[in-house]
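*Asks:* The structure's right below; bear with me while I get my questions together.
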Amino acid sequence: MREKYFFDDWREFSLQKPDQVLLNHLETIKNNTNYNESLKHQNVKEVYKVFALFLTHNYSPAIYQLCLFLKYLIQNDIPLYSLMIMSGNEVIRKVKKINSIKRKQISNKVTLELRDFKFDITYSRFSYLLITLDFLEEFIGLEEIMLIEESIKKVKSQNELQTISNNISKKVYSYLKNLLPSSYLQRYSSAIGNFIIKKTENENHKIVSEDISDDFIFDFWVASKDFEKDLLIKTFTLAADLCLTYKKSIEINKNFIVSLKSQNDQEQYLNLISDKMLDEFLESIITYDEHILSRSFQKIMRMNENKVNILKKNELGEIEIFSKYNDLTLKLPLTVLRISVFGNIQNKIVESQRRKNLDLNIYYESMSKVQKYNDQIQILESIVNNSTFICEILFYKLWFLKSPEILHFIKDYFNEDELILFEHFLVEQKTKLDCDPSLDEINLLKELAKENIESSPDEYREEQLTNLYKEFNFFINSKKFNSNFENFFDFIVKIKKQSSSFRRSGFDFNANNKENRELIVEVYNALLEIKNFLLKFIRLLNKDINNLETKFKEDNILFFQHFRLLYEKEGI
Amino acid sequence: MEIKDSISNTFLALNYISLSQNYSSSITQAKLNFKRVWEVFLNPIKYQDKINEMLKDKVFAKAYFMILQNEGCIYQPKLRAASNDKVFFRSSSEFKIEIVKSNKNKNVYYIIINLINDTKLPLLNLYVICDNISESKKLPKFNNKRAQMIIKDNDNFFDLITNPNTEIFIR
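These protein sequence lines map, in sequence, to chains P and G.
Heads up, the first sequence is in the working numbering, so the first residue is 1 and it goes up one at a time.
Heads up, the second sequence is in the working numbering, so the first residue is 1001 and it goes up one at a time.
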């Protein structure tokens, strides 16, 4: 009996052979081990980067560098087969030893010398090249790899190495070109690209991010019923997911590709790309889901899994979609709202169909009586309010623990007059603190919160913050200023009461130690990110759509028209 | 490359990387690669019963003997000149090998291996390879640098070990 695949449970969009083959290649490389069975490639991101390099057909420069690297190693009696069970660091150690014995020098690079040709390869590049070699072995096979080694052994000039490298690139190209066109994902990608061209009615249209609009996504979902049968996209959520990823692809490519004028000649095209450009391009692919909102969501999610309920499970469920699409959410807020609302309705329809009690008319009628878009916005607003409240509780915890970190957030709890006094206080303190005098009040706090990339070392920064806190404590409690912060102290009294009656599973944060204080700050910042993102989303949605009530009515008609085609007609 | 193709490639990369986060490797059947060859090389006892089957794969055999030869083994190359189609005695600076007919049974031969020097290498198998055909036999324990084993003359191994074009490895 066939083994069960993880995607067998998906209602639609099944991965088929080409997709599995590629994922298996990636999986093999990720799980490769060295001679003592430790992971060979410790940095998974680097593996993804090289994988993306191959899938985007930008591998030629890396393969050329790999050939030079192999030639250097062969010259130094390190056979290719030994690299297959060595990590980047192990190869570096071996090469460093050779360098120090032969050249009597310590360096961060090796130099390949072939007649008049010289080429430097830095140690930091080794692991990247080893991953490239592993992928080559996966794609073109062990036999080819052994033949490559034999050819590289014999070469005497850079030109010969270039020829070998070109031949390898051709083999990889041919392997991927045979594999990918039949892949489901590739076919969906072509379907979206072709639909854009069809919509613009211009064969020469240059695809831009704006082509993927809310209307486009809806129309693409509807149009998919006329695609080849196995490309039918039943759920709106999947259609939107594919289109949003396509939009992201356009944006990533815009910075990398469009600036290059000549793209017809592959070789010329690759010569125009600098290593830095290529690296930035690959980085943007692999960091696709590393948005600050995703990180914040993951943080709260992990705590929830560890039974520390900062937000409730259903609230996290509502936010998940934003963490998936991050900034794209703000570009197409209506689509995200449609996924949340109609994605949910469609799930219920599918469930009813499964239970064989589907009556779309009843569903439609019940939806005509409600205001789902407004309801959804209210849900998000309530998450915003809840986050604000929990932030207040966390702030009080910091206040109670006399934690210097309160200075990062205290401004949010001052009224206008208090804020002015606080800013004056900071200006005065700036001269006492050993910091850049050009920093304004906001950047001073950012520097102390390590929000700037080039912040001072941790210990020094903490000391500065502690000193500032001591001064602030003295300032706010002094006879001269204490009465000016009446509003703030009222807030503290109010939140103290609320804090004492606040109960949530796992929510404690009472210990007065560094770890606890740091955790409070992290959670506070995560909630702040989520809250601000949701507020931005609601604002944009209100700006884009005049009347959510009317829009829901219109959408309800449109969506149910397509639901009827999908679920009432046999054979689709 | 057309812009549409570049976008499509990026789309694939984004999706595959995203899908790989939940991809189960339970169905991954690793292709033949150096790692697999190393695994067999480093664990001769574990693969004792499978090695002959594995050596039928010419690519595997080529990689395996490459590693064997470079990573330490006792070796005899092909004979440069042989007066007969079959050779029953070979000698190198590392070991002597003699194939002697049994007095009792005319179809049975003894392979007698004599090491010239002491070796620290674990000597577990006797490998023979000729024209991409290879086989191996488990060695008995060496006693006083000498080991002896029996083969029949209708065995492929017999044909290979007596062939002057055969390379012989002990490891």
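Just so you know, even glycine gets a beta-carbon here, dropped at the ideal spot from N, CA and C.
A quick note: this is a predicted structure, and the numbers were derived from the prediction, not measured.
If contact is defined by three or more beta carbon pairs under 8 Å, each pair taking one atom from either stretch, is the segment 1111-1124 of chain G in contact with the segment 1141-1148 of chain G?
*Replies:* Touching, per the Cβ criterion.
*Asks:* Can you check whether the CB of Lys372(P) is closer than 9 Å to the CB of Val341(P)?
*Replies:* Cβ atoms of Val341(P) and Lys372(P): closer than 9 Å.
*Asks:* Identify each residue in the segment 240-252 of chain P for which the Cβ-Cβ distance to at least one residue of chain G is less than 8 Å, and report them in chain order.
*Replies:* Listed by position, the residues of the segment 240-252 of chain P near chain G (Cβ gap below 8 Å) are Thr245, Tyr246, Lys248, Ser249, Ile250 and Ile252.
*Asks:* Which stretch, first to last residue, makes up the alpha helix (DSSP H) that contains Cys67(P)?
*Replies:* Unbroken alpha helix (DSSP H) run through Cys67(P): Ser60 to Gln75.
*Asks:* How about Ile319(P) and Leu330(P): do their beta carbons lie closer than 9 Å?
*Replies:* For Ile319(P) and Leu330(P), no; Cβs fall outside 9 Å.
*Asks:* For chain G, find out if any of its Cβ atoms is closer than 9 Å to the Cβ of Ala52(P); answer yes or no.
*Replies:* Answer yes: the Cβ-Cβ gap between Ala52(P) and chain G drops below 9 Å somewhere.
*Asks:* At the 9 Å Cβ level, is Gln186(P) part of the contact set with chain G, yes or no?
*Replies:* With 9 Å as the cut-off, Gln186(P) counts as an interface residue toward chain G.
*Asks:* Mind listing the chain P neighbours of Ile995(G)? Cutoff is C-beta to C-beta under 7 Å, in chain order.
*Replies:* Outside the shown range of chain G, which is 1001 to 1171, sits residue 995(G), and nothing can be said about it.
*Asks:* Please check if any C-beta of chain P sits within less than 9 Å of the C-beta of Phe1011(G).
*Replies:* For Phe1011(G), the answer is yes, since a Cβ of chain P falls inside 9 Å of its Cβ.
*Asks:* Tell me the DSSP secondary structure of Ala1063(G) in three-state form.
*Replies:* Reduced to three states, the DSSP call for Ala1063(G) is helix.
*Asks:* Just to make sure I have the definition right: I need the residues of chain P whose C-beta is within less than 7 Å of the C-beta of Phe1158(G). Which are they?
*Replies:* The contacting residues do not exist; Phe1158(G) stays about 29 Å from chain P at best.
*Asks:* Quick one: what's Lys1101(G) bridged to in DSSP?
*Replies:* Looking at the DSSP assignment, Lys1101(G) forms a beta bridge with Tyr1109(G).
*Asks:* Under 9 Å between beta-carbons, which chain G residues line up against Glu137(P)? List them in chain order, please.
*Replies:* Simply Lys1031, Asn1033, Phe1034 and Lys1035.
*Asks:* Output yes if chain G places a C-beta closer than 9 Å to the C-beta of His57(P); else output no.
*Replies:* Closer than 9 Å: yes.
*Asks:* Under 6 Å Cβ to Cβ from Ile217(P), same chain only, skipping five residues before and after it: list those, please.
*Replies:* Cβ neighbours of Ile217(P) beyond the five flanking positions: Ala240, Cys243 and Thr335.
*Asks:* Return the CA-CA distance between Val350(P) and Gly317(P), expressed in angstroms with no decimal places.
*Replies:* The alpha-carbon atoms of Val350(P) and Gly317(P) are separated by roughly 20 Å.
*Asks:* Does the CB of Asn32(P) have a neighbour CB from chain G at under 9 Å?
*Replies:* Closer than 9 Å to some Cβ of chain G, the Cβ of Asn32(P) qualifies, so yes.
*Asks:* Consult DSSP for Tyr567(P) and reduce its assignment to one of helix, strand or coil.
*Replies:* In the structure shown, Tyr567(P) sits in a helix (DSSP, three-state: H, G or I).
*Asks:* Is the shortest distance between the beta-carbon of Lys1078(G) and the beta-carbons of chain P less than 9 Å?
*Replies:* No, because no Cβ of chain P sits closer than 9 Å to the Cβ of Lys1078(G).
*Asks:* Got a sec: which bits of the segment 401-427 of chain P sit with their beta carbon under 9 Å from any beta carbon on chain G, in order along the chain?
*Replies:* From the segment 401-427 of chain P, no residue has a Cβ closer than 9 Å to chain G.
*Asks:* With a threshold of 9 Å between beta carbons, is Phe1169(G) in contact with chain P?
*Replies:* No, Phe1169(G) lies away from the interface with chain P (no Cβ there is under 9 Å from its Cβ).
*Asks:* Give the DSSP bridge partners of Thr33(P), in chain order.
*Replies:* Note: Thr33(P) sits in a beta bridge opposite Leu39(P).
*Asks:* Is there a Cβ from chain G that is less than 9 Å from the Cβ of Ser183(P)?
*Replies:* Interface residue, yes.
*Asks:* Taking 8 Å as the cut-off, does the segment 505-525 of chain P touch the segment 403-418 of chain P (at least 3 CB pairs, one atom from each stretch)?
*Replies:* Taking 8 Å as the limit for Cβ pairs, the verdict is that the segment 505-525 of chain P does touch the segment 403-418 of chain P.
*Asks:* Give me the residue from Glu149(P), Ile121(P) and Ser165(P) with the minimum Cα distance to Met1066(G).
*Replies:* Comparing Cα positions, the closest option is Glu149(P).
*Asks:* Does DSSP put Tyr1075(G) in a helix, a strand or coil?
*Replies:* The answer is strand: DSSP assigns Tyr1075(G) an E or B state.
*Asks:* Mapping DSSP to helix, strand and coil, what is Tyr988(G)?
*Replies:* Outside the shown range of chain G, which is 1001 to 1171, sits residue 988(G), and nothing can be said about it.
*Asks:* Rounded to a whole number of angstroms, what is the C-alpha to C-alpha distance between Pro1044(G) and Lys276(P)?
*Replies:* Between Pro1044(G) and Lys276(P), the C-alpha separation is close to 46 Å.
*Asks:* Measuring straight from C-alpha to C-alpha, what distance separates Ser323(P) and Asn31(P)?
*Replies:* Approximately 28 Å between the Cα atoms of the pair.
*Asks:* Please determine whether the Cβ atom of Lys109(P) lies at a distance below 8 Å from any heavy atom of the ligand GTP.
*Replies:* The model on display carries no ligand, and the ligand GTP is accordingly not part of it.
*Asks:* Which runs of the beta strand (DSSP E) spanning at least 3 residues fall entirely within the segment 487-558 of chain P, listed in chain order?
*Replies:* You should have found no qualifying run.
*Asks:* Suppose the cutoff is 7 Å on Cβ atoms and the five residues either side in sequence are ignored; what does the same chain contact list for Asn556(P) look like?
*Replies:* Same-chain partners within the cutoff: Met367 and Ser368.
*Asks:* Cβ atoms of Phe1041(G) and Tyr1064(G): under 9 Å apart, would you say?
*Replies:* Contact flag set, yes.
*Asks:* Using beta carbons (cut-off 9 Å, strictly below), is Pro1059(G) in contact with chain P?
*Replies:* Just to set this straight, residue 1059(G) is Val in the shown sequence, not Pro. With 9 Å as the cut-off, Val1059(G) counts as an interface residue toward chain P.
*Asks:* At which residues does the alpha helix (DSSP H) containing Gln378(P) begin and terminate?
*Replies:* Gln378(P) -> alpha helix (DSSP H) spans Lys372 to Phe400.
*Asks:* So what does Leu1115(G) bridge to, in DSSP terms?
*Replies:* The partner list for Leu1115(G) (beta bridge, DSSP) reads Phe1095(G).
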